[in-house]
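Student: Dropping a structure here in structure tokens format, bear with me for questions.
Chains as they are written, first to last, in the working numbering: chain A, 1 to 350; chain B, 1 to 383.
Structure (structure tokens):
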């Protein structure tokens, strides 16, 4: 019995800030940062947008593409590191908003940037077990970078949602594999506003070790090689890391470029590789194979192999496509507006 | 004083050694040096380490490392002189053997710098400057060397491109050193377009943050038989200068290096013209320019011309930093002085493979702390 994606949807906020605008404020060398990080601009959530609102937007689009009644969804798993509440679930708000309550199981997940793919991974299980018809996995974040920190150039906002089921599939999940170790490269403790990271330690022993090991493990277990895939998608903390991962694994630019959103989207954390997958599904043809590997600090990677079905062409135009949102109408904000939107300005007693 | 020779050397691959601890990288280098020497014990160990406390929260290294080596209760001494800790540790070990106190001694250096973030590493390094008169005002080492560079450029017409040539040359050398941290070719354009750190110094003018260790075994001459050809310590000298840059008569002159070198040349009975090669402290590109002037390899104010002319490249009149220098090989501060000596020994043994200096006869090492507040110079020759 096949299991896989029945519908998918993404959401990109309209506001953007250019890397030069951030660099100007901090006296940083913008051309060098653009080269070093492979980033040009990033999305910025408006003051009334958060992980829940973006999850709802993406979920509604996924349901449209799935063409199902939301009450048939048996579970919603929202992965994020910016759940609006420390205590109180995001999932129930999303469930209520899309009309999926009350016969539903909800859970909020957190695993740095991996929480979104984790939501997808976990949502497939009860469907596969026959416990329910459909389950929804969501990755969404309004990620935080401390003012002046390197993360401020990448931390952005976005969401992707996936409805999983057993019939009328858009993409079959052929294989999964996950690779985890205890690797403290990035963290945020309770009551801290901004995450901390271990600088260059976030590269080789963290991102690359897990992404490459997960991708290799997944291909080894499934007996596949890079040429067997039409597309590949990796977690995108900046523009450079995923391109190097793709190259080291033996994937070409043609396989990788479509899902690489970070140069103009930034790092949407839990939304990152799920959004990249949505951009690939927007253009994929029946029969295409997609390799997807996420990464979350702490650290681990979830790997998936998707095989696109005939139905994909029927749903691609049913909801806004990811690159159309990314490249469509944008509103550029200056650093002052960005600071206000992101709550970086302290307004006195609160 | 007895004559002393280096009879064994050891060093591991330098870089960001995430998987290894401070004590582990030191022990690897120490065991390799002991195996290279073919000895079954040492009478004492000296270790240069600038800041085990701030980098990994570990002091008391003499005892710790003697224990790691399984050679307790031998005497263990930690030596600190900022980035010259390794060179000064070697000098203390040399004095212990030359004086007759010990016969076989391990001289070593280690620094584990990547367990802390960039800000903490910058702070730890800044403790080598004058806290009260320099650091309290916010200055960092790139800032201090940038001021030295500015003065040198202003007074002598040294150019931005000339500085870049130092980094380009040392990277070209490092490409030939399998243990170097950065084995990559860079161009003058790469350097002058790299990220600005402290004007005029850019990131490719600066030596990196590195984890690494190096060790050598020394013994009194004459020796009955040795595994490898012994390399004689022809001279050992150290000198100091004002710790604060602002207290110097001349901001563009390294007096401690000049004084230590003069003593070393006199002791060895040679002149700068006799040198086959040098390993010098290029913590920033401007440092190499100023060091070769203080060593008498270039005229005062003319150091900038050396790298662009090819004089200090492998194959040039006097190759400087055939190992790749601090810029390419890496700069685990406490280990740097010992690694320079390892390179000198390999060169004089004829074991430097692709980066071998032809007919190497006399080699000089210069290791420096702070902005030159301390300098240690050694001269080596075949025994």
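C-beta: ideal position from N, C-alpha, C; glycine also. It should be emphasised that the depicted structure is a prediction, and the values quoted were computed from it without experimental measurement.
Against residue 195 of chain B, what residues of chain A qualify as contacts under a CB-to-CB distance less than 7 Å, listed in chain order?
Tutor: 29 and 32
Student: Would a C-beta distance cut-off of 7 Å place residue 167 of chain B and residue 374 of chain B closer than the cut-off?
Tutor: no
Student: Quick check: what's the CA-CA separation for residue 110 of chain A versus residue 115 of chain B?
Tutor: 26 Å
Student: Should residue 78 of chain A be labelled buried (16 or more other beta-carbon atoms within 10 Å of its own) or exposed?
Tutor: buried
Student: Straight-line CA distance for residue 148 of chain B to residue 250 of chain B?
Tutor: 9 Å
Student: Can you name the start and end residues of the beta strand (DSSP E) that residue 46 of chain B belongs to?
Tutor: Element bounds for residue 46 of chain B: 44–48.
Student: Determine the direct distance from the alpha carbon of residue 287 of chain A to that of residue 317 of chain A, and round the result to whole angstroms.
Tutor: Cα-Cα distance, rounded: 18 Å.
Student: What residues are listed by DSSP as bridge partners for residue 366 of chain B?
Tutor: B/377
Student: Name the DSSP beta bridge partners of residue 232 of chain B, please?
Tutor: B/5 and B/381
Student: Compare the C-beta of residue 130 of chain A with all C-beta atoms of chain B and state if any pair is closer than 7 Å.
Tutor: No, residue 130 of chain A lies away from the interface with chain B (no Cβ there is under 7 Å from its Cβ).
Student: Less than 8 Å between the CB atoms is what I'm expecting for residue 215 of chain B and residue 106 of chain B, so what's the real figure, rounded?
Tutor: 6 Å
Student: Is residue 385 of chain B buried or exposed, if buried means 16 or more other CB atoms sit within 10 Å of its CB?
Tutor: In this structure chain B extends from 1 to 383, so residue 385 of chain B is not present and cannot be described.
Student: Looking at chain B, is there any beta carbon in it that lies within less than 7 Å of the beta carbon of residue 286 of chain A?
Tutor: Answer no: the Cβ-Cβ gap between residue 286 of chain A and chain B never drops below 7 Å.
Student: Within 7 Å (strictly less), CB to CB, does residue 126 of chain A reach chain B?
Tutor: no
Student: Please list, in chain order, the residues of the stretch 235–254 of chain A that have any C-beta partner in chain B closer than 7 Å.
Tutor: none
Student: Could you work out which residues of chain B lie near residue 199 of chain A, taking near to mean beta carbons separated by less than 7 Å?
Tutor: Ordered by position in chain B, the residues that pass the 7 Å Cβ test against residue 199 of chain A are 117 and 118.
Student: Start and end of the alpha helix (DSSP H) containing residue 241 of chain A?
Tutor: 240–249
Student: Have a look at the DSSP bridge pairing and note the partners of residue 292 of chain A.
Tutor: Residue pairing for residue 292 of chain A: DSSP places it in a beta bridge opposite A/233 and A/304.
Student: Identify the continuous beta strand (DSSP E) that holds residue 55 of chain A and give its terminal residues.
Tutor: Run containing residue 55 of chain A: none in the beta strand (DSSP E); it sits in the alpha helix (DSSP H), 51–66.
Student: Spell out the partners DSSP gives residue 196 of chain A in its beta bridges.
Tutor: According to DSSP, residue pairing for residue 196 of chain A in a beta bridge involves A/187.
Student: Please list the segments of the beta strand (DSSP E) lying wholly inside the stretch 101–126 of chain A, counting only runs of 3 or more residues, in order along the chain.
Tutor: 105–109
Student: Does any CB atom of chain B fall closer than 7 Å to the CB of residue 205 of chain A?
Tutor: yes
Student: Counting only beta-carbon separations shorter than 7 Å, does residue 14 of chain B have a partner in chain A?
Tutor: no
Student: Consult DSSP for residue 289 of chain B and reduce its assignment to one of helix, strand or coil.
Tutor: Helix at residue 289 of chain B.
Student: Does the stretch 313–333 of chain A touch the stretch 173–188 of chain A, meaning 3 or more C-beta pairs lie closer than 8 Å?
Tutor: no
Student: With DSSP run on the structure shown, which of helix, strand or coil describes residue 27 of chain B?
Tutor: helix
Student: From the DSSP output, in three-state form, read off residue 242 of chain B for me.
Tutor: coil
Student: Can you give the Cα-Cα distance for residue 186 of chain B and residue 171 of chain B, rounded to whole angstroms?
Tutor: 7 Å
Student: Should residue 50 of chain B and residue 333 of chain B be called a contact, given that it needs their Cβ atoms to be closer than 7 Å?
Tutor: yes
Student: Can you check whether the C-beta of residue 18 of chain B is within less than 7 Å of a C-beta belonging to chain A?
Tutor: yes
Student: Would DSSP call residue 284 of chain B helix, strand or coil?
Tutor: strand
Student: Whose C-alpha, out of A/2, A/7 and A/13, is nearest the C-alpha of residue 329 of chain A?
Tutor: When each option's Cα is compared against that of residue 329 of chain A, the closest is A/13.
Student: Using a Cβ-Cβ cutoff of less than 6 Å, which residues in the same chain neighbour residue 261 of chain B once the five nearest sequence positions on both sides are dropped?
Tutor: 295 and 377
Student: Look up residue 267 of chain A in the DSSP assignment and say whether it is helix, strand or coil.
Tutor: strand
Student: Of all the CB atoms in chain C, is at least one closer than 7 Å to the CB of residue 162 of chain B?
Tutor: The chain inventory of the structure shown lacks chain C, comprising the protein chains A and B.
Student: Just grab the DSSP bridge partners of residue 424 of chain B for me.
Tutor: The requested residue 424 of chain B does not occur in the structure, where chain B is confined to residues 1 to 383.
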